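*Asks:* Residue numbers (our numbering): 7 to 829.
We put the CB at the ideal spot given by N, CA and C, even for glycine.
Computed from a predicted structure; not experimentally measured.
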Amino acid sequence: MDTDSEEYYIRNNWEWIKLPVNIKQKFGNTEKEYEKTVVNFSIKHQLRYKGNLVRKIHKDTRRYYDDVLNYSRQHLMLFPYHLSDIYVKGLRVTPFSYYIDMFCDLIQSEKSYDTLPNFTAADCLRLLAIGRNQYIDLINQSRTILTSRKKLFNLSTWKNNSTSSIRHLLPLQPVDALVIEPWWKVNLGCVTDDDVKSCTHDEKVIIDYLIDETCSKLAGELNCLSVHSLYQKGLIYLDVPVYDDDHIHLPPLENFVMNRIVGDYFEVLLYKLFVSTDEHTSVSELAKILNIDTELVKQTISMFCRLGFARKKNLDYDQFIIHTSWKNFMNNSNGDNTSLSSTSPKQSTEQSQKFFEWKSDLEMDSLITLADETTPLQTPSEEQKIFPFVSPSVSTNGTSIFESSTTCLSGSTQPKQQRIGFLFDSSLTAFLMMGNLSSNLKTHAVTMFEVGKLADELLGSFLHELEKIAPISNVDNQNNDEGEEQRYFVHARILQQTISFLRLNSNLFVSDDNNGLGVDLLRIESLQSLDSEIRQRLLQRNYSLLVSMAPISSETIFPPYYSNYHLGPCIQEMNSVWFKLFLYDRTKNGPPTLLLPKGYRLNKLPLSLNNFEKYLVTTWNHDSTIISSVNILLSVNDALLHSSVLLQGYSYLSNGKQQHIPFPFDKNNSEFYLKHDGIKKLCEIIDLETSCGYITMLYIPSANHKEDNEDTIEEINDWLILDLRFGIPLFDESINMNIRESIMRERLCSKIICEKRLKASNSLATQLLSFINEIQINEPSQYSSTRAHSQLSTLLPVRPVLFDGRIIDKISGKDDEHNHRSS
Numbered sequence: 007m008d009t010d011s012e013e014y015y016i017r018n019n020w021e022w023i024k025l026p027v028n029i030k031q032k033f034g035n036t037e038k039e040y041e042k043t044v045v046n047f048s049i050k051h052q053l054r055y056k057g058n059l060v061r062k063i064h065k066d067t068r069r070y071y072d073d074v075l076n077y078s079r080q081h082l083m084l085f086p087y088h089l090s091d092i093y094v095k096g097l098r099v100t101p102f103s104y105y106i107d108m109f110c111d112l113i114q115s116e117k118s119y120d121t122l123p124n125f126t127a128a129d130c131l132r133l134l135a136i137g138r139n140q141y142i143d144l145i146n147q148s149r150t151i152l153t154s155r156k157k158l159f160n161l162s163t164w165k166n167n168s169t170s171s172i173r174h175l176l177p178l179q180p181v182d183a184l185v186i187e188p189w190w191k192v193n194l195g196c197v198t199d200d201d202v203k204s205c206t207h208d209e210k211v212i213i214d215y216l217i218d219e220t221c222s223k224l225a226g227e228l229n230c231l232s233v234h235s236l237y238q239k240g241l242i243y244l245d246v247p248v249y250d251d252d253h254i255h256l257p258p259l260e261n262f263v264m265n266r267i268v269g270d271y272f273e274v275l276l277y278k279l280f281v282s283t284d285e286h287t288s289v290s291e292l293a294k295i296l297n298i299d300t301e302l303v304k305q306t307i308s309m310f311c312r313l314g315f316a317r318k319k320n321l322d323y324d325q326f327i328i329h330t331s332w333k334n335f336m337n338n339s340n341g342d343n344t345s346l347s348s349t350s351p352k353q354s355t356e357q358s359q360k361f362f363e364w365k366s367d368l369e370m371d372s373l374i375t376l377a378d379e380t381t382p383l384q385t386p387s388e389e390q391k392i393f394p395f396v397s398p399s400v401s402t403n404g405t406s407i408f409e410s411s412t413t414c415l416s417g418s419t420q421p422k423q424q425r426i427g428f429l430f431d432s433s434l435t436a437f438l439m440m441g442n443l444s445s446n447l448k449t450h451a452v453t454m455f456e457v458g459k460l461a462d463e464l465l466g467s468f469l470h471e472l473e474k475i476a477p478i479s480n481v482d483n484q485n486n487d488e489g490e491e492q493r494y495f496v497h498a499r500i501l502q503q504t505i506s507f508l509r510l511n512s513n514l515f516v517s518d519d520n521n522g523l524g525v526d527l528l529r530i531e532s533l534q535s536l537d538s539e540i541r542q543r544l545l546q547r548n549y550s551l552l553v554s555m556a557p558i559s560s561e562t563i564f565p566p567y568y569s570n571y572h573l574g575p576c577i578q579e580m581n582s583v584w585f586k587l588f589l590y591d592r593t594k595n596g597p598p599t600l601l602l603p604k605g606y607r608l609n610k611l612p613l614s615l616n617n618f619e620k621y622l623v624t625t626w627n628h629d630s631t632i633i634s635s636v637n638i639l640l641s642v643n644d645a646l647l648h649s650s651v652l653l654q655g656y657s658y659l660s661n662g663k664q665q666h667i668p669f670p671f672d673k674n675n676s677e678f679y680l681k682h683d684g685i686k687k688l689c690e691i692i693d694l695e696t697s698c699g700y701i702t703m704l705y706i707p708s709a710n711h712k713e714d715n716e717d718t719i720e721e722i723n724d725w726l727i728l729d730l731r732f733g734i735p736l737f738d739e740s741i742n743m744n745i746r747e748s749i750m751r752e753r754l755c756s757k758i759i760c761e762k763r764l765k766a767s768n769s770l771a772t773q774l775l776s777f778i779n780e781i782q783i784n785e786p787s788q789y790s791s792t793r794a795h796s797q798l799s800t801l802l803p804v805r806p807v808l809f810d811g812r813i814i815d816k817i818s819g820k821d822d823e824h825n826h827r828s829s
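#1: For the beta strand (DSSP E) that residue 559 lies in, which residues bound it at each end?
#2: If residue 690 and residue 670 are in contact, beta carbons under 8 Å, what's the gap, nearest whole angstrom?
#3: Apart from the five residues on each side of it in sequence, which residues of its chain come closer than 7 Å, Cβ to Cβ, to residue 692?
#4: Nearest to residue 223 by CA position, among 189, 28, 665, 276, is which residue?
#5: Taking residue 11 as the reference, which of 20, 29, 22 has the closest Cα?
#6: Kindly indicate which three-state DSSP category residue 634 falls into: helix, strand or coil?
#7: Kindly confirm or deny that the segment 636 to 655 and the segment 589 to 598 touch, where touching means at least three C-beta pairs closer than 8 Å.
#8: For residue 735, write down the residues that DSSP places opposite it in a beta bridge.
#9: Where does residue 404 land, buried or exposed, given buried means 16+ other C-beta within 10 angstroms?
#10: Under a three-way DSSP split, which group does residue 288 fall into?
#11: Give, in chain order, every unbroken run of the alpha helix (DSSP H) that is at least 4 residues long and sits entirely within the segment 107 to 190.
#12: Nearest to residue 463 by alpha carbon, out of 285, 688, 113?
#13: Would you list the residues sitting across from residue 767 in a DSSP beta bridge?
#14: Name the two residues that bound the continuous alpha helix (DSSP H) containing residue 532.
#15: Using DSSP's beta-bridge definition, name the partner residues of residue 264.
#16: How far does the alpha helix (DSSP H) with residue 469 in it reach, from first residue to last?
#17: Checking 7 Å against the spacing of the C-beta atoms, do residue 4 and residue 152 come in under that value?
#18: Can you give me the Cβ contacts of residue 730 inside the same chain, cut-off strictly under 8 Å, excluding the 5 residues immediately before and after it?
#19: Can you tell me the Cα-Cα spacing of residue 228 and residue 138, whole angstroms?
#20: CB-CB under 6 Å to residue 388, same chain, minus the five flanking residues each way: which ones, in chain order?
#21: Do the segment 55 to 74 and the segment 244 to 252 make contact, defined as three or more Cβ pairs closer than 8 Å?
#22: For a test of the three-state rule: what should DSSP assign to residue 280, helix, strand or coil?
#23: Excluding five sequence neighbours on each side, which residues of the same chain lie with their C-beta closer than 8 Å to the C-beta of residue 742?
#24: Locate the beta strand (DSSP E) running through residue 298, then write down its first and last residues.
#25: Quick one: what's got a C-beta closer than 7 Å to residue 288's C-beta in the same chain, skipping five residues either side?
#26: Could you tell me which of 732, 726, 533 sits nearest to residue 581, measuring between CA atoms?
#27: Let me confirm a value: residue 27 is counted as buried when at least 16 other C-beta atoms fall within 10 Å, else exposed. Which label applies?
#28: Do you know how far the Cα of residue 643 is from the Cα of residue 631?
#29: Going straight from the alpha carbon of residue 304 to that of residue 592, what length do you get?
#30: If residue 807 sits next to residue 601, beta carbons under 8 Å apart, how far is it from one beta carbon to the other, in whole angstroms?
#31: When you compare only the Cα positions, how much space is there between residue 186 and residue 234?
#32: In angstroms with no decimal places, state the Cα-to-Cα distance between residue 613 and residue 628.
#33: Let me make sure I understand the geometry here. Which of 775, 231, 18 has the alpha-carbon closest to that of residue 333?
#34: For residue 429 versus residue 295, is the C-beta distance shorter than 7 Å?
#35: Just curious, the alpha helix (DSSP H) that residue 425 is in, first and last residue?
#36: Give me the residue from 551, 578, 553 with the minimum Cα distance to residue 560.
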């Protein structure tokens with residue numbers, strides 16, 4: 007953790023008198039400002055009162071916890087489950103009542119369902135069974151009640167329903183089919199004499215047992231139906247224990263709600279753990295890699311398990327003594343491949359009476375006490391060693407985890423083999439989700455987007471879904487959406503071919519002891535949420551090779567992988583407009599191009615751009631669009647109000663033509679490339695033999711173009727270099743196949759070639775950054791709002807830059823003073 011941050015000192019309980027001088031200066035050398043910051047930080051981060059610095063400042067414990075709960079509810083945060091002993095046992099506030107109050111606030115103010123953050127919405131769906139459609143129905147019912155009351159009492163100024171009128175529309179208790187797993191811990195909540203009177207005999211036995219033991223018990227040791235009933239009544243609360251040596255598996259996301267992100271501390275932590283977690287890394291190891299407190303990591307993974315987004319891997323039922331009412335869950339797992347947790351307690355009881363003869367078991371006491379009478383109470387650490395309880399779930403291969411748990415345990419101790427990381431951006435998940443290709447495929451796409459990773463263990467089912475996609479029918483040519491649907495299909499099919507090529511392909515590597523590596527799909531935007539050093543450490547630990555899709559969004563590329571072997575761009579600037587200008591400058595080849603800073607006003611076009619019929623306009627970090635010359639000045643000046651703009655000549659009279667040339671070049675079929683002046687110069691400045699990608703060429707015929715069938719040198723050079731992208735493209739099947747063949751032919755994944763590519767990439771990155779600085783140097787910005795360069799952004803232009811087709815012209819302030827937009 008950064009020692010210059012306020013969080014470091016607050017979390018480590020630094021009092022004012024002990025703070026360094028530079029930290030005190032941040033608070034204006036005022037102790038009250040520091041104390042105010044401590045209280046606000048503690049409330050926002052849901053810190054426990056005891057054991058933290060806030061206890062020395064905020065003297066009222068009850069008021070502090072009320073403030074935490076009110077802040078969390080107002081900001082729609084997840085219920086603070088790590089404080090359940092305070093809220094459920096001490097203040098009688100359950101997660102159910104917390105979310106009911108939250109929904110009352112939302113419905114009363116008629117806010118959209120999308121207002122709920124993703125994880126909060128998922129927890130509400132789990133506890134209350136209120137999703138998008140149910141919420142819309144509640145809003146409509148509330149409006150109907152409001153309208154009726156206005157008419158009945160003739161009150162036209164009555165704007166909102168009262169909380170009581172809304173509350174009766176909401177559920178009275180958590181859903182019957184709520185997931186409670188046998189390895190979760192049951193704790194006694196706030197129980198009064200009146201509560202006990204309404205309990206059944208079995209429920210009273212559990213309450214007495216928890217009181218006598220003065221500690222939590224595992225749910226699997228208690229009557230299943232009674233545990234669910236007590237939870238619905240709010241008389242118990244559940245802990246989901248996570249230990250240092252636990253290994254976590256992330257299955258495809260089910261029941262995840264894609265609404266919005268708000269950026270509170272716990273949500274940020276959840277997404278960081280999503281993309282960082284893998285089943286070969288223990289919880290304690292993960293905490294060290296991420297440089298995050300182990301207890302925070304445990305809280306996060308505990309929430310994943312509670313929501314059903316994660317499962318424990320290193321669990322074993324062999325030594326687990328389970329109450330007879332849980333046996334049905336085991337039989338469900340072995341029999342019909344249904345998740346154990348998907349069965350409600352009532353269904354569980356009925357099925358157990360129907361299919362199993364447990365007469366002797368049913369005559370037993372509602373609790374299994376034999377083990378407790380003979381075995382002393384264990385501390386959490388000892389209990390973990392003796393009872394590593396398993397989650398009632400089904401493994402991905404269809405076998406019960408009861409059967410495969412031993413394998414999981416033994417496998418977790420083996421050294422982890424590094425994998426290939428395939429880097430993609432959000433555009434790929436959009437294709438998979440918007441294409442309506444299949445419902446199961448959409449689940450995987452949601453996982454790729456929200457988790458930020460699809461691990462190799464899940465790729466089998468993912469590839470199977472991709473293989474099942476049928477081509478778009480050509481029968482209905484009238485359908486305007488057919489072109490887009492075909493585009494989605496092509497991306498999905500090429501993605502399947504690319505992953506199958508990379509995955510477990512021993513021919514990729516020269517080494518005889520390499521039988522091929524697994525592949526993890528990694529979303530760049532999710533990796534970007536990690537700190538640079540942590541991200542680098544994670545990538546180096548888990549992946550021996552990184553491969554990027556192409557093209558990839560320039561705004562999501564993160565800093566260079568200086569020590570990672572990578573088939574793709576090594577810095578984000580290689581996907582920016584700066585790289586285009588760099589290529590044009592070094593090769594003296596390319597279309598006439600004008601780069602304009604934000605805030606600039608273009609009154610007339612340069613001579614080199616004057617005669618074009620169509621132009622290619624690129625706003626900063628966005629895709630290019632083709633614009634007619636009729637509207638070019640208006641369109642460019644409008645775009646300059648909010649972004650820097652790259653303006654390029656595209657075509658004269660006919661429509662512009664483009665072609666993509668994959669590299670490394672096939673030496674047996676490279677006559678065109680050897681004749682093209684620009685490509686020959688390009689090969690001199692960039693090592694295209696050790697990398698892969700494609701060059702985009704733009705056809706702009708010269709005035710003396712001849713119409714004949716033979717390609718002359720002049721006609722070949724009418725093709726201009728437009729762009730160059732590193733990586734494996736997913737938009738064209740033939741180019742993709744060509745690059746895959748080149749990777750094999752040129753041995754691009756061998757260690758020798760990887761070392762050459764790493765050296766060449768670093769050299770190219772240095773040249774590119776020097777070029778950008780040279781263009782920008784000693785020029786104070788008149789136009790751009792900022793020229794700051796960070797690890798997550800590319801340097802913005804501060805003045806106009808023109809490439810006239812031959813040379814780069816750095817336009818000075820005097821040359822373009824008449825074009826400057828007055829402030």
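*Replies:* In terms of the structure at hand:
#1: No beta strand (DSSP E) holds residue 559; DSSP gives it neither H nor E.
#2: Not a contact, Cβ separation roughly 15 Å.
#3: Here the set comprises 770.
#4: Checked all of 189, 28, 665, 276; the closest Cα to residue 223 is 189.
#5: Ranking the options by Cα distance to residue 11, first place goes to 29.
#6: Residue state, collapsed to three classes: strand.
#7: The segment 636 to 655 vs the segment 589 to 598: in contact.
#8: Note: residue 735 is bridge-paired with 556 in the DSSP secondary-structure output.
#9: Residue placement at residue 404 is poorly supported in this model, since its pLDDT is 38, which falls under 50; the coordinates are not used for a value here.
#10: Three-state DSSP puts residue 288 in a strand.
#11: Qualifying alpha helix (DSSP H) stretches, in chain order: 124 to 134, 138 to 159, 169 to 173.
#12: Distance check between residue 463 and each of 285, 688, 113 places 285 closest, using alpha-carbon atoms only.
#13: Beta-bridge pairing links residue 767 to no other residue.
#14: In this chain, the alpha helix (DSSP H) harbouring residue 532 covers 530 to 534.
#15: Note: residue 264 sits in no beta bridge, so no partner.
#16: Run containing residue 469: 462 to 473, per the alpha helix (DSSP H) assignment.
#17: Since the first residue of the chain shown is 7 and the last is 829, residue 4 is not available in this structure.
#18: Residues 585, 589, 688, 692, 699, 700, 701, 702 of the same chain have their beta carbon placed closer than 8 Å to that of residue 730, with the five preceding and five following residues left out of the count.
#19: Roughly 35 Å between the two C-alpha positions.
#20: Only weak support is given to the placement of residue 388: the predicted model assigns it a pLDDT of 38, under 50, and the question is left unresolved by the model.
#21: Flag = no, the segment 55 to 74 and the segment 244 to 252 do not touch.
#22: Here residue 280 sits in helix by DSSP.
#23: Cβ neighbours of residue 742 beyond the five flanking positions: 500, 503, 504, 734, 735, 736.
#24: Taken as a continuous stretch (DSSP letters only), residue 298 belongs to no beta strand (DSSP E), as it is neither H nor E.
#25: Within the same chain, 250, 251, 252, 253 come within 7 Å of residue 288 by CB-CB distance, once the 5 residues on both sides are set aside.
#26: Distance from the Cα of residue 581 is smallest, within the candidate group 732, 726, 533, for 732.
#27: Its Cβ having fewer than 16 others within 10 Å, residue 27 is exposed.
#28: Spanning the two alpha carbons is a distance of roughly 15 Å.
#29: If I take the Cα positions, the gap works out to 53 Å.
#30: Beta-carbon to beta-carbon, residue 807 and residue 601 are separated by about 4 Å, close enough to satisfy the 8 Å threshold.
#31: Pairing residue 186 with residue 234, the inter-Cα distance amounts to about 7 Å.
#32: Their backbone Cα atoms lie some 26 Å apart in a straight line.
#33: Of 775, 231, 18, the residue nearest in Cα terms is 231.
#34: Cβ distance not < 7 Å, so residue 429 and residue 295 don't count as in contact.
#35: Segment 425 to 430 is the beta strand (DSSP E) holding residue 425; no alpha helix (DSSP H) there.
#36: With distances taken between Cα atoms, residue 560 lies closest to 578.
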